[in-house]
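What follows is a set of notes on a single structure, which appears directly below.
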Amino acid sequence: MNLWFTEILYGFFQTSLRVRRVLAEEKTPYQHIAILDTDFFGRVLTLDNVIQLSERDNMGYHEMLTHVPMLAVENPRRVLIVGGGDGGTLQQVLRYPSVEEVVICELDRRVVELSREHFPFFGDPWSDPRVRLIIRDAFAFLQENPGQFDVILSDTTDPIGMAERLFSDEFYRLMVNSLTPGGAAATQCEQMFFDVNLIQRIYQTARKLVRHPAYYYAHVPSYPGGVIGFMYVSNVPWTNGLDKPYPPGENRYLNPQIHRAAFALPEFFRRALEEVEQAS
Ligand code: SPD
Numbered sequence: 032m033n034l035w036f037t038e039i040l041y042g043f044f045q046t047s048l049r050v051r052r053v054l055a056e057e058k059t060p061y062q063h064i065a066i067l068d069t070d071f072f073g074r075v076l077t078l079d080n081v082i083q084l085s086e087r088d089n090m091g092y093h094e095m096l097t098h099v100p101m102l103a104v105e106n107p108r109r110v111l112i113v114g115g116g117d118g119g120t121l122q123q124v125l126r127y128p129s130v131e132e133v134v135i136c137e138l139d140r141r142v143v144e145l146s147r148e149h150f151p152f153f154g155d156p157w158s159d160p161r162v163r164l165i166i167r168d169a170f171a172f173l174q175e176n177p178g179q180f181d182v183i184l185s186d187t188t189d190p191i192g193m194a195e196r197l198f199s200d201e202f203y204r205l206m207v208n209s210l211t212p213g214g215a216a217a218t219q220c221e222q223m224f225f226d227v228n229l230i231q232r233i234y235q236t237a238r239k240l241v242r243h244p245a246y247y248y249a250h251v252p253s254y255p256g257g258v259i260g261f262m263y264v265s266n267v268p269w270t271n272g273l274d275k276p277y278p279p280g281e282n283r284y285l286n287p288q289i290h291r292a293a294f295a296l297p298e299f300f301r302r303a304l305e306e307v308e309q310a311s
């Protein structure tokens, strides 16, 4: 069999993975979900034909999205995950003994159910009594929960279709409004080579909302161009997390050197963000 999955997220670039077997495939009211068994990358989740995670390299994404804000905040107790129905971010959040509750606000129940069945490497975080799964739109949930969360992690798909709103100024405003004083958020914030304008716009928004926004990134070879970035959004600087001990359990991507280096931006992109700073 010579079956390939091809993602064309950007019109000028494609990624292909060789597929051994299609483990699950279905169309829900929200999206097309597929779980593939692939060569090298292992099990892969795609939503609307875009790779969300692979068994091989998801740790760069999930550890960096989670631990950078979690470590910056003193004893995070209540955490909100927006999206994240695959359970990868949830697994990382639950490593913190200080966490009393994790609310996960996911629109599509089938992402949770299929991921739970096919991704045993996330260790079934759903069975932890601290987890509260809410199947609904994150906007409405944020509106109803101001000042509630020490950490918010926006673990979303790309800004296409229904997810576009999760990259809007209004979403960032609501998210910051739902943080406790001293809280921190991190969002999936795309690719510095391909999405400069989008990231500049979000950085500008974040600068109006908090004192210490910052962009950082991780290597994830199965994503377009092999990198993905995050926006750190907080009144507490990310450097607060640098000397903190990691939570129990094993990191496979993050270490103290990577933590610092993730914020060191290539010159073309550092200048793009500097332009935003100078314009406001
Ligand atoms: N272009 C790919 C971006 C994928 C972001 N979502 C990842 C979800 C993993 N929990």
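In our numbering, the protein residues as written are 32 to 311.
Note that CB positions come from ideal geometry on N, CA and C, so glycine has one too.
Quantities reported herein were computed from a predicted structural model and do not represent experimental measurements.
Nearest neighbour of residue i, chosen from the options [CA to CA]
{"i": "Gly116", "options": "Glu148, Val143, Pro128 and Glu94", "result": "Val143"}
{"i": "Ile39", "options": "Glu56, Val53, Lys239 and Val81", "result": "Val81"}
{"i": "Val113", "options": "Phe202, Phe299 and Glu221", "result": "Phe202"}
{"i": "Leu67", "options": "Lys58, Leu54 and Leu78", "result": "Leu54"}
{"i": "Asp186", "options": "Thr97, Val267 and Glu105", "result": "Thr97"}
{"i": "Leu48", "options": "Lys58, Leu76, Asn228 and Tyr61", "result": "Leu76"}
{"i": "Glu175", "options": "Cys136, Arg141 and Met90", "result": "Cys136"}
{"i": "Leu273", "options": "Asn286, Lys239, Arg161 and Asn266", "result": "Asn286"}
{"i": "Val307", "options": "Ala292, Val267, Pro255 and Arg232", "result": "Arg232"}
{"i": "Ser129", "options": "Leu145, Ala292, Pro107 and Ser85", "result": "Pro107"}
Proximity test, residue i beta-carbon vs the ligand SPD heavy atom, cut-off 7 Å
{"i": "Pro255", "result": "yes"}
{"i": "Tyr92", "result": "yes"}
{"i": "Ile259", "result": "yes"}
{"i": "Val81", "result": "yes"}
{"i": "Asp189", "result": "yes"}
{"i": "Leu138", "result": "no"}
{"i": "Gln219", "result": "yes"}
{"i": "Thr69", "result": "no"}
{"i": "Thr120", "result": "yes"}
{"i": "Asp274", "result": "no"}
{"i": "Leu164", "result": "no"}
{"i": "Leu102", "result": "no"}
{"i": "Arg40", "result": "Residue 40 is actually Leu in this sequence, not Arg. It does: the Cβ of Leu40 is within 7 Å (strictly closer) of some heavy atom of the ligand SPD."}
{"i": "Asp88", "result": "no"}
{"i": "Asp186", "result": "yes"}
{"i": "Leu2", "result": "With the chain covering only 32 through 311, there is no way to say anything about residue 2."}
{"i": "Leu84", "result": "yes"}
Coarse secondary structure for residue i, derived from DSSP in three states
{"i": "Leu138", "result": "coil"}
{"i": "Leu184", "result": "strand"}
{"i": "Leu67", "result": "strand"}
{"i": "Phe261", "result": "strand"}
{"i": "Thr120", "result": "helix"}
{"i": "Glu94", "result": "helix"}
{"i": "Leu240", "result": "helix"}
{"i": "Phe36", "result": "strand"}
{"i": "Leu111", "result": "strand"}
{"i": "Gly272", "result": "helix"}
{"i": "Leu229", "result": "helix"}
{"i": "Arg147", "result": "helix"}
{"i": "Leu296", "result": "coil"}
{"i": "Val50", "result": "strand"}
{"i": "Leu125", "result": "coil"}
{"i": "Asp159", "result": "coil"}
{"i": "Phe152", "result": "helix"}
Contact under 8 Å by Cβ, residue i with residue j
{"i": "Gly260", "j": "Ile289", "result": "no"}
{"i": "His243", "j": "Trp269", "result": "yes"}
{"i": "Arg109", "j": "Phe180", "result": "yes"}
{"i": "Lys275", "j": "Leu102", "result": "yes"}
{"i": "Tyr263", "j": "Ala217", "result": "yes"}
{"i": "Tyr234", "j": "Tyr246", "result": "yes"}
{"i": "Gln219", "j": "Val258", "result": "no"}
{"i": "Phe150", "j": "Gly118", "result": "yes"}
{"i": "Thr37", "j": "Val50", "result": "no"}
Bridge partner(s) assigned by DSSP for residue i
{"i": "Phe44", "result": "Tyr41"}
{"i": "Thr218", "result": "Ser185 and Met262"}
{"i": "Ala194", "result": "Per DSSP, none; premise fails for Ala194."}
{"i": "Ser85", "result": "Val75"}
{"i": "Glu367", "result": "Nothing can be reported for residue 367, as the shown portion of the chain is limited to 32 through 311."}
{"i": "Val130", "result": "Beta-bridge pairing links Val130 to no other residue."}
{"i": "Tyr248", "result": "Gly260"}
{"i": "Val267", "result": "Looking at the DSSP assignment, Val267 forms no beta bridge with any residue, so it has no partner."}
{"i": "Leu210", "result": "Phe180"}
{"i": "Leu164", "result": "Ile135"}
Heavy atom of the ligand GDP within 7 Å of residue i beta-carbon
{"i": "Gly115", "result": "Absence of the ligand GDP is noted for the structure shown, with the ligand SPD being the only ligands found."}
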